[in-house]
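Novice: Got a structure here, written out as structure tokens. Questions coming.
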Amino acid sequence: MKNFLLCTATLFLLFSCTTDADSNLEVKDTNLSDHKIVEVSFPLNPANPYDFKGKSYYDVVQVYLQNNKSPQTIEEINSQIYFISEFYKSSKTSKKTNLGFTPEEILSILNNPTRKLFEIVANSSLSTISKVQLSDFIQELIDNQNEQYIVMRDQIILFDAEVLENDTLNNTEKEIILTFSTVSSYALYAEAERKDRDWETSVGHKKVNTSSDQNLVSYFSMIALLNAIL
Numbered sequence: 081m082k083n084f085l086l087c088t089a090t091l092f093l094l095f096s097c098t099t100d101a102d103s104n105l106e107v108k109d110t111n112l113s114d115h116k117i118v119e120v121s122f123p124l125n126p127a128n129p130y131d132f133k134g135k136s137y138y139d140v141v142q143v144y145l146q147n148n149k150s151p152q153t154i155e156e157i158n159s160q161i162y163f164i165s166e167f168y169k170s171s172k173t174s175k176k177t178n179l180g181f182t183p184e185e186i187l188s189i190l191n192n193p194t195r196k197l198f199e200i201v202a203n204s205s206l207s208t209i210s211k212v213q214l215s216d217f218i219q220e221l222i223d224n225q226n227e228q229y230i231v232m233r234d235q236i237i238l239f240d241a242e243v244l245e246n247d248t249l250n251n252t253e254k255e256i257i258l259t260f261s262t263v264s265s266y267a268l269y270a271e272a273e274r275k276d277r278d279w280e281t282s283v284g285h286k287k288v289n290t291s292s293d294q295n296l297v298s299y300f301s302m303i304a305l306l307n308a309i310l
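The sequence shown maps to residues 81 to 310 in my numbering.
Put into structure tokens, the structure is as follows:
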């Protein structure tokens, strides 16, 4: 999960709400470290008013994977990001239209994902309080990178509650932070579903061991998200 920090800045998810059928959908989270199956229900956090945006991200990823294999190279990573970004370009709140990365940018992110992610938050127009809240959330995700998804999900739910109760944040700031948290949750869940993440894959000339970089693609997508909304 060390690459998670990089992916929070570019794609703002503004899709229609999920249907009642979606809300009752149950899915399974397979943790390959102990092969324990955990039942998870959608929405992942009903208390987050922007949970539907995270679900929309998840749905788009599933559509992509129906016709494409899981990204293993720089080109394939960028292809998935571009595919997802096409769904976000019509968003009125998206500040950018070029939501992909050059090969050089991807390699730069791989070399120091933490710096990139915090850099995006620091350079944003958010208030100091919002920057601190978002940075603390990112740091918490990194510190708990080896936890099972269900543990991460519960931590995100607690974070969402703190944001909703924080009277010092305005509505726009709450929407940005809660959108990022729900996309993070769904992105991590989508990665947790993957049954082949224990094998090593090659990203350009960089070898990635999925036991430590299992959320790589999700991280890049979330960096793209931050770039779009901040």
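Cβ atoms here follow ideal geometry from the backbone N, Cα and C, with glycine treated the same way. Owing to the predicted nature of the structure, the values given are computational and were not obtained by experimental measurement.
Residue 191 lies in the alpha helix (DSSP H); which residues open and close that run?
Specialist: As a first step, residue 191 is located in the sequence shown; it is residue number 111 there, counting from the start. Residues 183-191.
Novice: In three-state DSSP terms, what is residue 165?
Specialist: Numbered from its first residue, the sequence shown carries residue 165 at position 85. Note: residue 165 maps to helix in three-state DSSP.
Novice: Distance check for residue 219 and residue 254, CA to CA, integer angstroms please.
Specialist: If you number the sequence shown from 1, residue 254 lands on position 174. If you number the sequence shown from 1, residue 219 lands on position 139. Cα-Cα distance, rounded: 18 Å.
Novice: In the segment 215-239, which residue ranges form an unbroken beta strand (DSSP E) of at least 3 residues, counting only runs that do not cross its ends?
Specialist: Segments of the beta strand (DSSP E) lying fully in the segment 215-239: there are none.
Novice: Considering only the alpha carbon of each residue, which of 242, 249, 164 lies closest to residue 206?
Specialist: Your numbering for residue 206 matches position 126 in the sequence shown. That would be 249, whose Cα lies nearest to the Cα of residue 206.
Novice: Taking all protein chains shown into account, do 16 or more other C-beta atoms lie within 10 angstroms of the C-beta of residue 272, making it buried, or fewer, making it exposed?
Specialist: On the sequence shown, position 192 is the one that residue 272 refers to. Flag for residue 272 reads buried.
Novice: Let me check understanding here. Comparing Cα to Cα, which of 260, 303, 306 lies closest to residue 132?
Specialist: Your numbering for residue 132 matches position 52 in the sequence shown. Residue 260 is the option with its Cα nearest to residue 132.
Novice: Look up residue 261 in the DSSP assignment and say whether it is helix, strand or coil.
Specialist: The residue given as residue 261 occupies position 181 in the sequence shown. Here residue 261 sits in helix by DSSP.
Novice: What's the call for residue 136, buried or exposed, on a 16-neighbour Cβ count within 10 Å?
Specialist: Here residue 136 corresponds to residue number 56 of the sequence shown, with the count starting at 1. Its Cβ being crowded by 16 or more others within 10 Å, residue 136 is buried.
Novice: Put residue 159 into one of helix, strand or coil per three-state DSSP.
Specialist: Here residue 159 refers to the residue found at position 79 when the sequence shown is read from its first residue. Reduced to three states, the DSSP call for residue 159 is helix.
Novice: Return the CA-CA distance between residue 251 and residue 130, expressed in angstroms with no decimal places.
Specialist: Counting from one through the sequence shown, the residue named residue 251 turns up at place 171. Counting from one through the sequence shown, the residue named residue 130 turns up at place 50. Taking the straight line from one Cα to the other gives about 12 Å.
Novice: Mapping DSSP to helix, strand and coil, what is residue 210?
Specialist: As a first step, residue 210 is located in the sequence shown; it is residue number 130 there, counting from the start. Residue 210 falls in the helix class under three-state DSSP.
Novice: Out of 163, 153, 141, which one is the CA nearest neighbour of residue 187?
Specialist: Mapped onto the sequence shown, residue 187 falls at position 107. Selected option, being the one with the closest Cα: 153.
Novice: In or out: residue 280 buried (at least 16 other Cβ within 10 Å) or exposed?
Specialist: If you number the sequence shown from 1, residue 280 lands on position 200. Reliability fails at residue 280, whose pLDDT of 41 lies under 50, so the model's placement of it is uncertain and no value is given.
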